[in-house]
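Engineer: Let me begin by handing over the structure; questions about it come next.
In UniProt numbering, the protein residues as written are 1 to 942.
In structure tokens form, the structure reads like this:
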């Protein structure tokens, strides 16, 4: 009776306070200048039809995609105050319009620039914009402008353009769109769109500050006006009368909007955000700054407010940036029994769900909830010896609670009393030991896995049997899991291996496993699906599956990019999906992973980490999981419905060599590509999860976590198709195709071949005639020697060129997925230059890249990346630059005046005369002889 009265009292409290108790939980994320915001004053917020959120700051227009902010500047405006964005809107033709302190602007989406519109007519502040189909209403400092069919009409509320009532702060249409309502700094006006008639009303006659209406919204036949000194004022359109609303604790209203049905959204400049119920005329929800609330808004000085189409709240502050509530689609829910219990932020290690009765074990104690009679009770220290609850089992009308370091206790749900399990004989173990698992079998026995072996307890017979590695084939160590399959056979997993309980012989057997089975591994969870397949989750290793008879078994891949040691629990739903909880997320898979889904914070999963073995399907098919941030549940039948509502991924930017481009046909050297994209989740950036593939480079889909961009480096010429999507969700897939053109087009190669053939023909003809003449000359032997030398030089030069080209080709291939950071490149470059200038290794003609890399204590790969990708030089060009510089120094030094060009080249490190001439001409643009003559010298030839 006492419990019933208590329940009724709580029910009454719940119903009376129901609005607040059932209110959605909001977690806000702050975006400031370090996140890319152009300024800390956010004066306007707008969400466009595509899903981007546009922010008007004190000096710029920003576009936010949930992770990154892109800036659009007002070019040609010098005054900072005039740059402040007052309003943003989008018309039916997807044109984005912006009003600031100097006039009206429109975004040119083709070039990404803001363009000034009709500056000859509107060269003053635009305060508000209201689109209606192809019509745009523009509220300015000097009256109303209406843009329609390319024409601009000006409407004045007073013939004196400078009159205060011509300063229009906000606009809205009435229900049938026959009249336009104007909030001005000197009263409320209506403008008939049929006959142009203007009427006015004043809240308090002859009190100017009372008539300063800053913002305006409408629900039905009621206007809500935000004032500068009177709070929120209502205006009854039918009665043409004003009235006050409830006090909000601050009378300076900076922004106001509504859902058009029931709720008015109000921003104050001093007391945060308020949601006002239109019917009840009471504040249903408020958001105020609280220094102790790290997930709340950052300031009470609000300049702009938006509640978007998904219910997310966007708050623009004065000098505190932007706050927005993290969006979750509601697929997963965190279990709560308001107002008595909420599992949010509890680390759930184990639980038993018996419909209306639940027992939940966490790292902070035990909770009993009986929803049928309205009873909730928690058990912590000193009632519990240990607060860490590892396992819970319902057996013979009572709950058996296994703890870490606090033994096992028994909870009586009738009396809600908790006492130690005292039937085991080993009192110390069951009061101070570790109890890892408690499981019943079909014969009425209760099996208890502990740190000191395995116990089999029968309450009816009042018997308990203790299995150890000494008296049975139980492997040594802690007993982590006991699971009975559909045939009645028991699978026992310990710290060092597995054994099977044979119910026929009532014995444990560890010698029955075939070779290649997981019986020597540390298994933490065992699960049987409806197809009578067993799944073994190991502490290290992938998911292992087997038939009941162990005639077929194998490792099963859950997800190609999922670490093997991350699996925590597994459960099958009624639709045949296998749900796998991990220490970094939650997946569902079907058909060997050919179909799969990943669930994150955006789906309502409060945290990425799930607990070991804590997964359960109830009688309604609802799945329950223990998470480090609560007990969560999901209806698997809703997954496809929710997944069908996702927005397709959109590319926010595509860059070649760090520069945005729109033409998908790129030059050969524009081969470092970055793809940026968003799914407009507006949740936690760390919870972002995508998979992507660049056809022609990636063989399989790759997983991308906590990022929304992918880069590829050193792509060879060809056509590439980049695909990105939410994991397993083809509906969300976005595709972009780009072509990297070859350095020499096909017709260039054709001309080159013809040129080479012509050169070869000419050389053969010339050499043949030359040889015939030389053969009759006394100096033929000398000439032959010279030609041999030249041929050797050319051969060496060709070998170097071929080697260099091979190196470049190999470099392009290996840099597709590997790179150094810019800071690492700067550090290595500094080290390289210092070493080369001091030690002069280039004078060694046999110097190899590996020798230079060893001297710098780095790898050849890193040095090659530095030269090719960071300095855009080949290794030979870099070294030969120093050799050429050394030659220039030696040629003006009288000490080397008697040396020939070839000798000087060799002293500088060149391996051949041809290589020297080629490198010198490439570096300086002139031959060595021409250079020496230009400085007044004479070259000494052989």
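Backbone N, C-alpha and C define an ideal beta-carbon position, used for all residues, glycine too.
Hey, would you say residue 673 sits closer than 8 angstroms to residue 692, going by beta carbons?
Structural biologist: Working through the chain shown from its first residue, we reach residue 673 at position 673. Working through the chain shown from its first residue, we reach residue 692 at position 692. No, these two residues do not count as a Cβ contact at 8 angstroms.
Engineer: From residue 828 to residue 868, what does the alpha carbon distance come to, in whole angstroms?
Structural biologist: Taking the first residue of the chain shown as 1, we reach residue 828 at position 828. Taking the first residue of the chain shown as 1, we reach residue 868 at position 868. Using only the alpha carbons, I get a separation of about 13 angstroms.
Engineer: Among the residues of its own chain, which have a CB less than 7 angstroms from the CB of residue 921, if the five just before and after it don't count?
Structural biologist: Locating residue 921 in the chain shown gives position 921, where the first residue counts as 1. Cβ within range, chain order: 927.
Engineer: Where does residue 934 land, buried or exposed, given buried means 16+ other C-beta within 10 angstroms?
Structural biologist: Position 934 of the chain shown, counting from 1, holds the residue named residue 934. Exposed is the call here.
Engineer: Quick check: what's the CA-CA separation for residue 78 versus residue 135?
Structural biologist: Within the chain shown, residue 78 is the residue found at index 78, counting from 1. Within the chain shown, residue 135 is the residue found at index 135, counting from 1. Going from the Cα of residue 78 to the Cα of residue 135 covers about 31 angstroms.
Engineer: Let's test the definition: count the other Cβ atoms within 10 Å of the Cβ of residue 97 and tell me whether it reaches 16, buried, or not, exposed.
Structural biologist: Taking the first residue of the chain shown as position 1, residue 97 is located at position 97. Buried: at least 16 other Cβ atoms inside 10 Å.
Engineer: Grab me the residues of residue 749's own chain with a C-beta within less than 6 angstroms of its C-beta, minus the 5 sequence neighbours each way, in chain order.
Structural biologist: In the chain shown, residue 749 corresponds to position 749, counting from 1. Around residue 749: no qualifying Cβ.
Engineer: If I follow the unbroken beta strand (DSSP E) through residue 372, where does it start and stop?
Structural biologist: Translated into positions along the chain shown, residue 372 becomes position 372. Element bounds for residue 372: n/a, residue is neither H nor E.
Engineer: Check the C-beta distance from residue 728 over to residue 595 and give it rounded, since I have them as a contact under 8 angstroms.
Structural biologist: Within the chain shown, the letter at position 728 stands for residue 728. Within the chain shown, the letter at position 595 stands for residue 595. So it is a contact: roughly 6 angstroms between Cβ atoms.
Engineer: Would you report the Cα separation of residue 293 and residue 25, rounded to the nearest angstrom?
Structural biologist: To locate residue 293, count along the chain shown from 1; it is residue 293. To locate residue 25, count along the chain shown from 1; it is residue 25. Taking the straight line from one Cα to the other gives about 13 angstroms.
Engineer: For the pair the stretch 657-666 and the stretch 733-741, tell me if three or more CB-CB distances fall below 8 angstroms.
Structural biologist: yes
Engineer: With contact counted as at least three CB pairs below 8 angstroms, one residue from each stretch, are the stretch 286-303 and the stretch 314-321 in contact?
Structural biologist: yes
Engineer: May I have the straight-line CA-CA distance separating residue 902 from residue 929, to the nearest angstrom?
Structural biologist: One-based indexing of the chain shown puts residue 902 at position 902. One-based indexing of the chain shown puts residue 929 at position 929. Note on geometry: alpha-carbon atoms of residue 902 and residue 929 lie some 12 angstroms from one another.
Engineer: Rounded to whole angstroms, what is the Cα-Cα separation between residue 476 and residue 497?
Structural biologist: In the chain shown, residue 476 corresponds to position 476, counting from 1. In the chain shown, residue 497 corresponds to position 497, counting from 1. About 8 angstroms.
Engineer: Answer with buried or exposed for residue 348, where buried requires no fewer than 16 other C-beta atoms within 10 angstroms of its C-beta.
Structural biologist: Stepping through the chain shown from its first residue, residue 348 is reached at position 348. When all chains shown are included, residue 348 counts as buried.
Engineer: Can you name the residues that DSSP bridges to residue 330?
Structural biologist: Along the chain shown, one-based indexing puts residue 330 at 330. Looking at the DSSP assignment, residue 330 forms no beta bridge with any residue, so it has no partner.
Engineer: Taking only the alpha-carbon atoms, compute the straight-line gap between residue 340 and residue 457 and give it to the nearest angstrom.
Structural biologist: Numbered from its first residue, the chain shown carries residue 340 at position 340. Numbered from its first residue, the chain shown carries residue 457 at position 457. Whole-angstrom Cα-Cα distance: 35 angstroms.
Engineer: Compute the beta-carbon to beta-carbon distance between residue 735 and residue 721, rounded to the nearest angstrom, for a pair I have assumed lies under 8 angstroms.
Structural biologist: For the purposes of this step, residue 735 is taken as the residue at position 735 of the chain shown. For the purposes of this step, residue 721 is taken as the residue at position 721 of the chain shown. 6 angstroms between Cβ atoms; contact.
Engineer: Kindly indicate which residue of 371, 364, 331 and 362 has the alpha-carbon position closest to the one of residue 338.
Structural biologist: The count along the chain shown starts at 1 and reaches residue 338 at position 338. Closest option to residue 338, Cα to Cα, is 371.
Engineer: To the nearest angstrom, how far is the alpha carbon of residue 843 from that of residue 906?
Structural biologist: The residue you call residue 843 lines up with position 843 of the chain shown. The residue you call residue 906 lines up with position 906 of the chain shown. Those two C-alpha atoms are separated by around 8 angstroms.
Engineer: For the stretch 391-465, which segments carrying the alpha helix (DSSP H) assignment without a break, of at least 4 residues, lie completely within its bounds, in sequence order?
Structural biologist: 427-432
Engineer: Would you give the residue range spanned by the beta strand (DSSP E) that residue 733 belongs to?
Structural biologist: As a working mapping, residue 733 is identified with position 733 in the chain shown. Where residue 733 is concerned, the enclosing beta strand (DSSP E) stretches over 729-740.
Engineer: Apply the 10 Å Cβ neighbour rule to residue 84 and answer buried if 16 or more other Cβ atoms are within range, or exposed otherwise.
Structural biologist: For the purposes of this step, residue 84 is taken as the residue at position 84 of the chain shown. Buried.
Engineer: Within 10 angstroms of the Cβ of residue 390, are there 16 or more other Cβ atoms? Answer buried if so, exposed if not.
Structural biologist: Taking the first residue of the chain shown as position 1, residue 390 is located at position 390. When all chains shown are included, residue 390 counts as buried.
Engineer: What ranges does the alpha helix (DSSP H) occupy inside the stretch 60-133, keeping only unbroken runs of at least 4 residues that lie completely in it?
Structural biologist: 80-83
Engineer: Apart from the five residues just before and just after residue 325, which ones in its own chain have a Cβ nearer than 6 angstroms to its Cβ?
Structural biologist: Taking the first residue of the chain shown as 1, we reach residue 325 at position 325. Closer than 6 angstroms at Cβ, skipping near neighbours: 26, 28, 312 and 313.
Engineer: Only counting runs of 4 or more residues, tell me where the alpha helix (DSSP H) segments fall wholly within the stretch 570-649, in order along the chain.
Structural biologist: 639-643
Engineer: Do the CB positions of residue 967 and residue 230 come within less than 8 angstroms of each other?
Structural biologist: The question about residue 967 has no answer here: the residues shown for the chain are numbered 1 through 942.
Engineer: What did DSSP end up calling residue 695 once you bin it into helix, strand or coil?
Structural biologist: As a working note, residue 695 is residue 695 in the chain shown. If DSSP states are grouped into helix, strand and coil, residue 695 belongs with the strands.
Engineer: Give me the residue from 641, 597 and 572 with the minimum Cα distance to residue 615.
Structural biologist: As a first step, residue 615 must be located in the chain shown, where it is residue number 615. Relative to the Cα of residue 615, the nearest Cα in the group 641, 597 and 572 belongs to 572.
Engineer: Specify the secondary structure class of residue 791 as computed by DSSP and reduced to three states.
Structural biologist: One-based indexing of the chain shown puts residue 791 at position 791. Unreliable placement is indicated for residue 791, whose pLDDT of 48 sits below 50; no coordinate value is reported for it.
Engineer: Leaving out the 5 sequence neighbours to the left and right, which residues in its chain are closer than 8 angstroms to residue 792 when beta-carbon positions are compared?
Structural biologist: Within the chain shown, numbered from 1, the residue matching residue 792 stands at position 792. Bear in mind that the predicted position of residue 792 carries a pLDDT of just 48, short of 50, making it unreliable; the figure below should be weighed with that in mind. So the list reads 912, once near-sequence residues are dropped.
Engineer: Within a Cβ cutoff of 6 angstroms, which residues of the same chain sit near residue 290, ignoring the five residues on either side of it in sequence?
Structural biologist: For the purposes of this step, residue 290 is taken as the residue at position 290 of the chain shown. The beta carbon of residue 290 lies closer than 6 angstroms to those of 296 in the same chain, with the five residues before and after it left out.
Engineer: Exposed or buried, which one is residue 709 when buried takes at least 16 other CB atoms within 10 Å?
Structural biologist: Position 709 of the chain shown holds residue 709. Flag for residue 709 reads buried.
Engineer: With residue 47 as the anchor, note down where its alpha helix (DSSP H) starts and where it stops.
Structural biologist: Start at 1 with the first residue of the chain shown, and residue 47 comes out as number 47. Note, residue 47: premise wrong, no alpha helix (DSSP H); beta strand (DSSP E) at 42-47.
Engineer: Following the continuous alpha helix (DSSP H) through residue 324, name the residue where it begins and the one where it ends.
Structural biologist: Taking the chain shown and counting its residues from 1, the one referred to as residue 324 is at position 324. First-last for residue 324: 322-325, but that is the beta strand (DSSP E), not the alpha helix (DSSP H).
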